[in-house]
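Remarks on the structure that follows.
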């Protein structure tokens, strides 16, 4: 047996011995999160300075003047009483950020800045140092930096305005520095909690089954449609490696329930693969009524006693499209539903009406959701 043929046999054996994974398998990392490991929202109130006359109109946003006065007082600057400075280069803003889990002091965050008053644009502005607070009122980060605005706006003297995107909000990449760490207690609990992103009893059972098959019986137990409790080591270093191993486990998720999603604003209709229709007959047609108004002038003969009269005349035209009827056999699938509706030539709005009628008739075996 030559060397090349022996190498080919070894390669073929390695391919055949590889474990077969389901075609639809997903990693636990992609369908679930670890309980207690989440981000936290931060918010703050600040001032953006250095604008080119596009700041708040102080007569309509008095809180901007109040904020400026408080800031200047902290720097030892006293503003004379009974003064109303017109600061068109300053805007009061809200500052928001997401504090990721395990963020340590000194790390930076991206922040979003939005106007509170009537400032027309934040382009070219600079955010003054602003504390960012959590839901508990504690300061977790400090924000400051130059605002990056993707849009722009131009105002005319006659009141006309042209704008692109939203110039009244912007972002500051790495604009905040973390000052306080959020404590995470997931390492002190003897169990880990895996929470599914989409609640499903079948998926929860599959996750628990896959973990028990890999790490031994009674390692994982599904508590409900969202949570799976997993026994974990107490040592923090071992627990991190343990979670990394769990996240790599592949699971076949449960199939989604039969649903028909209708977006009433855009007319979008989404039908899941398990939608079924019982035996039903559907006739769909449209009635078009056109009313035309015109005026006829009646002119009398010369040298007569008659008067010129304007006579209104209305014409009504009624047209009705052919109403094609089609029959749904019991248990038809998604392909047959779409094919039958396309043969009728129904628009998305007409399709919604057909689906609602089927639901009322009890022939639609799916949940109809209108968003």
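Residue numbers (our numbering): 19 to 389. A virtual CB, placed ideally from N, CA and C, is assigned to each residue, including glycine. None of the values given here were measured: they were computed from a predicted structure.
Quickly, what does DSSP pair residue i with across the bridge? List them, please.
i           : result
residue 45  : 268
residue 207 : Answer by DSSP bridge pairing: none, since residue 207 is not bridged.
residue 387 : 279
residue 114 : 61, 130
Rounded to whole angstroms, what is the Cα-Cα separation between residue i and residue j?
i           : j           : result
residue 385 : residue 203 : 40 angstroms
residue 129 : residue 199 : 17 angstroms
residue 243 : residue 274 : 13 angstroms
residue 50  : residue 126 : 26 angstroms
residue 473 : residue 81  : Lying outside 19 to 389, the shown extent of the chain, residue 473 is not represented and no answer is given.
residue 281 : residue 216 : 21 angstroms
residue 289 : residue 222 : 24 angstroms
residue 75  : residue 137 : 7 angstroms
residue 292 : residue 107 : 58 angstroms
residue 114 : residue 165 : 13 angstroms
residue 85  : residue 64  : 8 angstroms
residue 159 : residue 195 : 5 angstroms
Between which residues of its own chain and residue i is the CB-CB distance below 8 angstroms, once the five residues before and five after are set aside?
i          : result
residue 43 : 268, 269, 270
So what's residue i in DSSP terms, helix, strand or just coil?
i           : result
residue 166 : strand
residue 153 : coil
residue 195 : strand
residue 85  : helix
residue 189 : strand
residue 230 : helix
residue 220 : helix
residue 56  : coil
residue 294 : strand
When the Cα of residue i is compared with those of the options, which residue comes out closest?
i           : options            : result
residue 232 : 260, 195, 132      : 260
residue 151 : 131, 136, 190, 117 : 117
residue 380 : 246, 276, 192, 295 : 295
residue 121 : 263, 57, 228, 256  : 57
residue 371 : 249, 297, 287, 254 : 287
residue 69  : 184, 61, 91, 140   : 140
residue 266 : 229, 135, 73       : 229
Once the 5 residues before and after residue i are set aside, which same chain residues still bring their CB inside 6 angstroms of it?
i           : result
residue 192 : 126
Let me check you understand the geometry: is the CB of residue i closer than 7 angstroms to at least one non-hydrogen atom of the ligand MN?
i           : result
residue 202 : No copy of the ligand MN appears in this structure; indeed no ligand is present at all.
Please work out which residues of its chain come closer than 7 angstroms, Cβ to Cβ, to residue i, disregarding the five sequence neighbours upstream and downstream, and give them in chain order.
i          : result
residue 48 : none
residue 67 : 107, 108, 143, 144, 146
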